[in-house]
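Data block below; observations after.
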Amino acid sequence: MKLFIVGTGPGNPDHMSKRAKEAIEQADCIAGYTTYLDLIAHLINGKPLISTGMMKEMDRVEQAIEQVLAGKSCALVSGGDPGIYAMAGLVFELCAQKKIQIYRTPPEENHDNSLVLEVVPGIPALAAGAALAGAPLTHDFAAISLSDLLTAWENIEKRLTCAAMADFVMVLYNPKSKKRDWQLARARDLIMEHRSPDTPVAVVTGAMRENQQIYLTTLKEMDCEQVGMQTVVFIGSSTSMQYMDFMFTPRGYTKKYHSNQ
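If you read the sequence shown in my numbering, its first letter stands for residue 6, the second for the next number, and so on.
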């Protein structure tokens, strides 16, 4: 049987791939974070669910693997793309720890403690948010999560500082939660040590969902109170610009080809 690791995209069914929908339809059971399962309720059709809340990622991944080893197919769903701050890495990590043999296609001979695995990509939050903001990621960028639940804050600060010094456009995931309310302000202060306070910033919440909000500001004027766990923050490089209601980062075409347009 097969374990599908499925990216469901930003949340709107219109932005889910055909393959993601097929994998969910083919699976005998569905596993995922409760909120993400609610977003695809129309595709589940009464199938058995492995539904857990925040901080229970290992439980649901282990249960999904157990279902497949027991002879069922399972779709383990993640919002966005399953390989970006999501479940795909944990699946590989646990399979490696448990010495479970994994294959892209069914092997010629069946083996105990083995499974077939397919990672189904989805539109990540950084791509959905960037599309709404304009085109902030046209040039080099760095994605950094501000959650220190799994990464020491000391390491996060190093990454923020290095990315700011290198003049990357920066995409900040997990900027704030109920228990983590100071990290974004600290990140802004660190970045401003190496970047102009007038650097353009786009704050996108609930990209492609009903609660979608977009606002453009600058690094010094960014309101840290207007963010949450569904927010992605785009901090421009030294070349990023705002034009009307959009933010973009030039790739360099007009400079190279001397366009006067």
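Where a beta carbon is used, it is the ideal one built from N, C-alpha and C, also for glycine.
A Cβ-Cβ distance of about 6 Å is found for the pair Lys-7 and Glu-123, placing them in contact under the 8 Å criterion.
Note on geometry: alpha-carbon atoms of Arg-109 and Asn-115 lie some 14 Å from one another.
Gly-37 is a Cβ neighbour of Ser-56, given a cutoff of 8 Å.
Three or more beta-carbon pairs separated by less than 8 Å link the segment 196-211 to the segment 238-257, which places the two stretches in contact. Within the same chain, Phe-9, Val-11, Ala-80, Glu-123 and Val-125 come within 8 Å of Ala-28 by CB-CB distance, once the 5 residues on both sides are set aside. In this model, Ala-133 and Pro-15 are separated by some 7 Å (Cα to Cα). The criterion of a C-beta distance shorter than 8 Å is not satisfied by Val-73 and Met-92. Only residues of its own chain outside the window of five on either side were considered, and among them Thr-210 have a CB closer than 6 Å to the CB of Gln-218, listed in chain order.
Judged by DSSP in its simplified three-state form, Lys-104 adopts coil rather than helix or strand. By the criterion of a C-beta distance shorter than 6 Å, Pro-202 is surrounded in its chain by Leu-224 and Lys-225, once the five residues flanking it on both sides are discounted. Rounded to whole angstroms, the gap between the alpha carbons of Ser-150 and Cys-229 is 15 Å. For the pair of segments examined, the segment 152-159 was found to touch the segment 171-191: the number of CB pairs separated by less than 8 Å reaches three. Runs of the alpha helix (DSSP H) lying entirely within the segment 184-220, each at least 4 residues long, are 188-197 in chain order. In the structure shown, Glu-162 falls within a helical segment according to DSSP collapsed to helix, strand and coil. 8 Å or more divides the Cβ of Leu-120 from the Cβ of Ile-128.
Out of Ser-22, Arg-214, Ala-168 and Pro-112, the CA that lies nearest to the CA of Asp-145 is found in Ala-168. The bridge partners DSSP lists for Ile-70 come to none. With fewer than 16 neighbouring CB atoms inside 10 Å of its own CB, Ala-101 falls in the exposed class.
Between Glu-62 and Leu-95, the C-beta spacing is below 8 Å.
Per DSSP, Glu-123 lies in no alpha helix (DSSP H); the unbroken beta strand (DSSP E) holding it starts and ends at 119-125.
Annotation for Ile-29: the continuous alpha helix (DSSP H) segment containing it runs 23-31. Within its own chain, the residues whose Cβ lies closer than 8 Å to the Cβ of Phe-97, once the five positions on either side in sequence are excluded, are Ile-107, listed in chain order. Look at Gln-235 here: in three-state DSSP terms it is coil, with no helix or strand label.
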